[in-house]
């Protein structure tokens, strides 16, 4: 088990981030939470010092092992794992299936990842949208949801930071199940709006031609060589540049897309999510997965480059 990952499952196919233990099916959120090792509650308990109870603060404690997940103010309302993901059952009724669920950082952060039932055909290519739902128990964040489109032919993530539509948003912490079902319906609307706007952007990117010279300028901007770079560092950066260049020109799945900004972004996505890093940290795969929620800075930078060109 990797350093930051506590528990996790995946179904059907091994996910692009390479994490998890295979199970055959997780039909509803309750079962998904059990398979992911998230079938526990957070209990709030007083915080003590040698002088007694500290007023105004509570400790969020996991019920199964009494582990302290975080210290919060007494105004903080716990959203249990079952509550935080209850609205996904409403989505499941419309054909959503769960792909992964799990726990990071010793239970401080939990998530479910679901594939939406609608598959989009954009410029003749299959794009599958995923929704990532996350919650924290250490007081550091709310329930969040993000849409992450994946190009089916190669598992490249294309979660672009569009100006016309948001791909992530927070959800109100409430125990009202009916309210959560309404939020689930709103979530689907927002995801569909993002995918529609993304399709328009893909069409615009396909029309934006990229010359060989522009390509090298983009690559050199994404992977710069600083003045104080050592010989070994320069050699490594040059290797990464050649890797990205190869993905642009030689990737089999990009041969019919033309020499354009859309092809460049797909090459960058493939590079950012599949290329071997210069130095693989203990939490590399976990960090790669969490970029499905927060966005990948390399892909975002590449998108900015082609937008201003």
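In this note's numbering, the protein residues as written are 1 to 309.
C-beta atoms are modelled at their ideal positions from N, C-alpha and C, and glycine is treated no differently.
For clarity, every value in this text was computed on a predicted model and none was experimentally measured.
Sort the options by Cα distance to residue i and report the nearest one.
i, options, result
"residue 310", "108, 114, 34, 35", "Look at the range of the chain in this structure, 1 to 309, and you will see that residue 310 is not part of it."
"residue 179", "197, 167, 84", "84"
"residue 60", "70, 112, 155", "70"
"residue 48", "42, 68, 265", "68"
"residue 80", "245, 106, 43, 230", "43"
"residue 144", "301, 89, 187", "187"
"residue 275", "255, 305, 246", "246"
"residue 210", "235, 234, 249", "249"
"residue 119", "221, 140, 148", "148"
"residue 165", "158, 142, 190, 8", "190"
"residue 156", "103, 267, 66, 304", "267"
"residue 260", "163, 218, 52, 193", "218"
If you draw a straight line from the C-alpha of residue i to the C-alpha of residue j, how long is it?
i, j, result
"residue 226", "residue 232", "13 Å"
"residue 146", "residue 170", "9 Å"
"residue 46", "residue 58", "5 Å"
"residue 153", "residue 127", "9 Å"
"residue 228", "residue 237", "13 Å"
"residue 242", "residue 203", "27 Å"
"residue 63", "residue 196", "43 Å"
"residue 55", "residue 136", "23 Å"
"residue 206", "residue 168", "25 Å"
"residue 100", "residue 117", "16 Å"
"residue 28", "residue 82", "11 Å"
"residue 105", "residue 6", "7 Å"
"residue 129", "residue 122", "12 Å"
"residue 257", "residue 269", "15 Å"
"residue 262", "residue 75", "47 Å"
"residue 158", "residue 198", "9 Å"
"residue 72", "residue 221", "43 Å"
"residue 151", "residue 235", "31 Å"
"residue 182", "residue 50", "47 Å"
"residue 240", "residue 300", "18 Å"
Taking the beta carbon of residue i as the centre, do at least 16 other beta carbons fall within 10 Å, making it buried, or is it exposed?
i, result
"residue 201", "buried"
"residue 308", "exposed"
"residue 3", "Confidence is the limiting factor: at residue 3 the pLDDT is only 44, short of 50, which leaves the residue's position unreliable, though a coordinate-based value still follows. Exposed, by the Cβ-count rule."
"residue 184", "buried"
"residue 224", "exposed"
"residue 32", "buried"
"residue 1", "Unreliable positioning characterises residue 1 in this predicted model, as indicated by a pLDDT of 39, which lies under 50. The coordinate reading is nonetheless provided below. It counts as exposed."
"residue 212", "exposed"
"residue 271", "buried"
"residue 216", "exposed"
"residue 134", "buried"
"residue 102", "buried"
"residue 52", "exposed"
Under the DSSP definition of a beta bridge, which residues are partnered with residue i?
i, result
"residue 208", "According to DSSP, residue 208 bridges with nothing at all."
"residue 197", "Bridge partners of residue 197: none, in fact."
"residue 60", "44, 70"
"residue 110", "103, 135"
"residue 125", "122"
"residue 147", "131"
"residue 170", "144"
"residue 115", "97, 130"
Would you say residue i reaches chain C, if we count a Cβ-Cβ gap shorter than 8 Å as a contact?
i, result
"residue 139", "This model lacks chain C altogether; it includes just one protein chain."
Would the region 34–54 count as touching the region 96–116 if we require 3 or more Cβ pairs under 8 Å?
yes
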